[in-house]
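Take the sequence shown: its position 116, counted from the start at 1, is 148 in our numbering, and no numbers get skipped.
In this text, a Cβ means the ideal position worked out from N, Cα and C, and glycines have one as well.
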Amino acid sequence: MALAAFVLTGCPEETETNPPPPDEEPKWEEAFDTSDAGSLSGVWGSGPDDVFIVGGSDDGGEIYHYDGTSWSPMTLPAGTPLMVWSYGFGPSDVYSVGLEGAMLHYDGSSWSAIDTGTTEQLWGIFGFSPSDLWIVGGDPFTDDPLILHYDGSTFTPHVVEASENLQGAKSLFKVWGIDGTVYAVGQKGLILRFDGSAWKAMPAGAKADQDFVSLWGTRADHIVAVGGRGNGRIATFDGQSWTTVAPNALGGLNAVHMVEDDVAVIGGILGFAGRFEVGSGEVVNEADGLTRVDIHAIWGDGQGTHWAVGGSFISPHQGVALKRTAP
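This is how it looks when you write it as structure tokens:
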């Protein structure tokens, strides 16, 4: 059931043709040999020489670390399941969440497990500090969306009232915030914002009719959410309202990261990796033909390099890791 959620996130309902690549663009290439890796679902780093990739398979979780020169697998606690997402505050303060309520912390030397008090699937994590972490998840087929706040010692569940979830979404996939405000996205076009006391739904227009899978931003008025199943959906927030578009010939999207205000690096099904020009609304395919494996996450180091990871969550769980270098 849990892996089925990834399958839904990454598999198209219909065949789409992604936009053709332009002549001169950032260079995309394989980051490292993933033939022995499982599916890769998340990437985060504290800087160019400190990047973490998480994922795994039915056999358990996997985490890889980049030290600026090479990638290497990391030792995880016994019984760690497939890990989905990571976020941190420096080389010695990194968190990762995954299936079966799993949460890990890295102190710069080793990973240790944190008891979250739940066995629900955890799809996303973000924080303003180690004492102000937000985690989202839930089974996409049953129950209600899961939101946990972690203050460094205690997990506090948050409830999304039915009046703020008229779509009947069962799961939230990612969470992100800025200036003390937290946003979460999930099934059926649901976008939520925490106002300090309660989670409130944010309408995003008629095109917000499919799952939103991820979001990122650079400022309170420069936020982008992506999703869609057979056809991609891109929603932008200008500080006042959300606007959702469904670009022609674009398949479902799973990944987004922003370093520049008006450029979102995005990834999705069938190996699509490129960018969304926020001002013009143009979608540019930058890596056509490099892989056909679904892209699930992207992170940029702010110095011209982005890392993208993905994989198949159906056996044999083939993963992919790509590197984007600015021209």
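Task: Environment of ASP243 [buried if 16+ CB atoms lie within 10 Å] - done: buried
Open item on the list: For PRO109 and TRP143, what's the separation of their Cα atoms in angstroms?
Closed with: 7 Å
Open item on the list: Does VAL75 pass the burial test, meaning 16 or more other C-beta atoms within 10 Å, or should it be called exposed?
Closed with: buried
- [ ] Taking only the alpha-carbon atoms, compute the straight-line gap between LEU322 and VAL352 and give it to the nearest angstrom.
- [x] 10 Å
Task: Per-residue DSSP class, three states only, for LEU322 - done: In the structure shown, LEU322 sits in coil (DSSP, three-state: anything other than H, G, I, E or B).
TODO: Just tell me which of LEU198, SER229 and THR186 has its CA closest to the CA of ASP241.
DONE: That would be LEU198, whose Cα lies nearest to the Cα of ASP241.
Task: Straight-line Cα distance separating GLY237 from ALA319 - done: 30 Å
TODO: Tell me, to the nearest whole angstrom, how far the beta carbon of SER89 is from that of HIS349; I am working on the premise that it is less than 8 Å.
DONE: 4 Å
- [ ] Could you tell me which residues DSSP pairs with GLY144 in its beta bridges?
- [x] The sequence shown places Ser at residue 144, not Gly. Residue pairing of SER144 in beta bridges, as defined by DSSP: HIS137.
- [ ] Name the one or two DSSP bridge partners that GLU57 has.
- [x] According to DSSP, GLU57 bridges with nothing at all.
Open item on the list: Relative to the C-alpha of TRP231, which candidate in PRO80, TYR96, ILE179 and ASP99 has its C-alpha closest?
Closed with: ILE179
Task: Minimum C-alpha distance to LYS220 - residue among ALA233, GLU61, ASP81 and SER78 - done: ALA233
Open item on the list: To the nearest angstrom, how far is the alpha carbon of SER32 from that of ASP91?
Closed with: The chain is shown from 33 up to 359; residue 32 falls before or after that span and cannot be answered.
Open item on the list: Taking a contact to mean a Cβ-Cβ separation below 8 Å, would you say ALA358 touches GLY336 in this structure?
Closed with: yes
- [ ] Using a threshold of 8 Å, state whether the C-beta atoms of HIS328 and ARG356 are closer than that.
- [x] no
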